[in-house]
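Okay, structure first, notes after.
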Amino acid sequence: MFVKMRNVETRLRRLERILEFSRELTSTVSLEPLLHKIVKAAAELTGSEMAAILLLDGHTGELRFVASSNLLDKLFDIPVPFDESIAGAALSSGKPLIVPDARADPRHYKVVDQLIGFETRSLLAVPLQFQDRRIGVLEAENKRDGDEFDQQDVETLTALAAQATVAIENARLVEALQKSHDESEHRVEERTDELLKANAALKKEVAERVRAEEALQRRNRELAALNAITQALSTSLELQDILDQALARAVNALGFVGGLIALTDERTGELALFSHAGLPQPLIEHLQTQGLSDDLCGSAYIKDLHENTQANEYGLLEMGLQSCASAPIACHDRTLGIFCLFDTAPHSFSETDHTLLTAIGQQIGVAVENARLFRDVVRERQASYTLLNTAKALSTTLDFDKLLERILDELQHVAPYDTASISMLRDERGWTIAVRGLEHALARRFVLEDRPLVQRIVRAGEPVIVPDVRQEPDLALDEASAQARARLGAPLIAKGEIIGVLIMNSRHPYTYDKEAAHRAFAFAHQGPGH
């Protein structure tokens, strides 16, 4: 248990360091120092001797080192073949790649080690990808403690790779904008010298400059929107804060009047409204009570809702909304939800708008994934601490009733319920000895054949989850049937024999999962007979 708690603490510290690192990135504009921060953080958080970033050269098809935590200048002159290297294999597959023994791996490009005087023993490579375009690879080499790279290292490097990808793409966008601006200025200077010779040429050039300036302003607006949303996403690991801030920044930066973010429920698979801003109250109430369908945001861009009657199923026109745009919220090829923006006037959409909205959806997706990971780590740590404290407290009391009360009290913190009971079993009969919210059932005796859920728990010898009793009505035939929608039961085992059952009930379907079952089973082992 203590080893598990230490692992949880380590993951939490890594997440906190990644959050701190994300804040540092928002204050760094130049690409070179930013990439140096990334590889330095990668080496630090994975406990590696060295970390490096290689980018794919679009002209030669080779990989080139652009940053190294050890600042080895020789690296930057060494091309790495795409088809004959571990980095190329990771980028080709699009998935993280762990190599425990690089010396025995035929894909290892040993020329690099030979030229810089370094020995690569183990290696972790994570691809850098922007949408469907391959950019490069983030590598960590040689764990300092001699251990192998593990899944925590993969998660850490993947989070840093997402930051590196955004940073590289932003830098490239700035470079392209600056180049376009410089070229426009140069052309204007050349045409100015010919002002007296060709007035028509001057007018043309002025028009070109206006278009270039408009494009530059538009790109600057897009870059400002991306940076504003990136900054908002890096300020917290609380899911609701992330979604509210990201939506507010997107609505304001892109010039819409309102919007919403809906995420797919992790248990039911249905879309649920998580955040909204600037929307009419009737629409919000409808979405909260009736849910969302693909008809609302299914079409990526609707310039004028008058021309799309299907999308107006929710009465958007009657509420004063005339256009909408949407993009998926995605992370690692998984769609986590969708975000939609609305305006009170017809709104034209370009290919650039599509690219921008897609990039925002990916940024939100990474942030949602990080927030959920942080939530799971915190829950696991809380459950471990609660179980440990309960075990300590129970070991100091000989009062049987107080022991049962303490178990039910502490269980509420790690596996919430509306009602719960503990019953003892003997010779196909049982009696309830402790309850929460079912006081009328206390001390009641019953036969097992009248309790289908108890029978199933006894047969299984392990926790039993009932996601929704309406799908299994025979498992609701007892005291909790009037209110329960989801149920979870765990056996009480002493000396290899089932001596009782712990049952929890919730008014909401799909409340309990395998994690809750594991926690309930752990608490059941603190009960009678232990």
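Sequential numbering of the sequence shown, starting at 4, is according to the working numbering. Ideal Cβ placement from N, Cα and C applies to all residues, glycine included.
Note down the Cα distance separating residue 76 from residue 43, rounded to an integer number of angstroms. 15 Å
Which word fits residue 338, buried or exposed, when buried means at least 16 other C-beta atoms lie within 10 angstroms of its C-beta? exposed
Mind checking residue 158: buried by the 16 CB within 10 Å criterion, or exposed? buried
Should residue 511 be labelled buried (16 or more other beta-carbon atoms within 10 Å of its own) or exposed? exposed
Residue 247: first and last residue of the uninterrupted alpha helix (DSSP H) it sits in: 242-257
Report yes or no: do the segment 40-54 and the segment 78-85 share at least 3 C-beta pairs separated by less than 8 Å? no
CB residue 114 to CB residue 57, shorter than 7 Å? no
Would you list, in sequence order, the uninterrupted alpha helix (DSSP H) runs of no fewer than 4 residues that lie entirely inside the segment 86-124? 89-96 and 114-119
Which partner residues of residue 68 appear in the DSSP bridge assignment? 57
Considering residue 438, what are the terminal residues of the beta strand (DSSP E) in which it resides? 432-439
Measuring CB to CB, does residue 449 end up less than 7 Å from residue 464? no
Compare the C-alpha of residue 166 against each of 131, 259 and 247 and name the closest. 131
Assuming residue 305 contacts residue 327 under a Cβ cut-off of 8 Å, what Cβ separation, rounded to an integer in Å, is found between them? 5 Å
Starting from residue 271, trace the beta strand (DSSP E) both ways and give me its first and last residue. From DSSP, residue 271 is part of no beta strand (DSSP E); its letter is neither H nor E.
Using a Cβ distance threshold of 8 Å, determine whether the segment 418-432 contacts the segment 500-514, with at least three qualifying pairs required. yes
For residue 335, which of helix, strand or coil comes out of DSSP? coil
Buried or exposed: residue 279, going by 16 or more other Cβ atoms within 10 Å of its Cβ? buried
Please name the residue, chosen from 368, 47 and 188, that lies closest to residue 147 on a Cα-to-Cα basis. 47
Closest Cα partner of residue 97 within the set 351, 161 and 207: 161
Does the Cβ of residue 16 have 16 or more other Cβ atoms within 10 Å, making it buried, or fewer, making it exposed? exposed
Measure the CB-CB distance between residue 154 and residue 14 and report whether it falls below 7 Å. no
DSSP three-state label for residue 146, please. strand
Between which two residues does the beta strand (DSSP E) harbouring residue 455 extend? Unbroken run through residue 455 is the alpha helix (DSSP H), 455-463; no beta strand (DSSP E).
Using a Cβ cut-off of 7 Å (strictly closer), state whether residue 245 contacts chain B. The structure shown has no chain B; it contains just one protein chain.
Pairwise C-alpha distance: residue 364 and residue 331: 6 Å
Cross-strand partners of residue 329 (DSSP beta bridge): 343
Whole angstroms are fine: how far does the CA of residue 435 sit from the CA of residue 6? Any answer about residue 6 is weak, because its pLDDT of 49 lies below 50 and its placement is not dependable; what the coordinates show is given next. Residue 6 and residue 435: Cα-Cα distance of roughly 36 Å.
Secondary structure of residue 317, DSSP reduced to three states: helix
Residues that DSSP places opposite residue 262 in a beta bridge: 280 and 344
Per-residue DSSP class, three states only, for residue 494: strand
Relative to the C-alpha of residue 516, which residue among 487, 504, 498 and 467 is closest? 467
For residue 373, the nearest candidate out of 333, 345 and 412 (CA to CA): 333
Out of 87, 111 and 78, point me to the one whose CA is closest to residue 118's CA. 78
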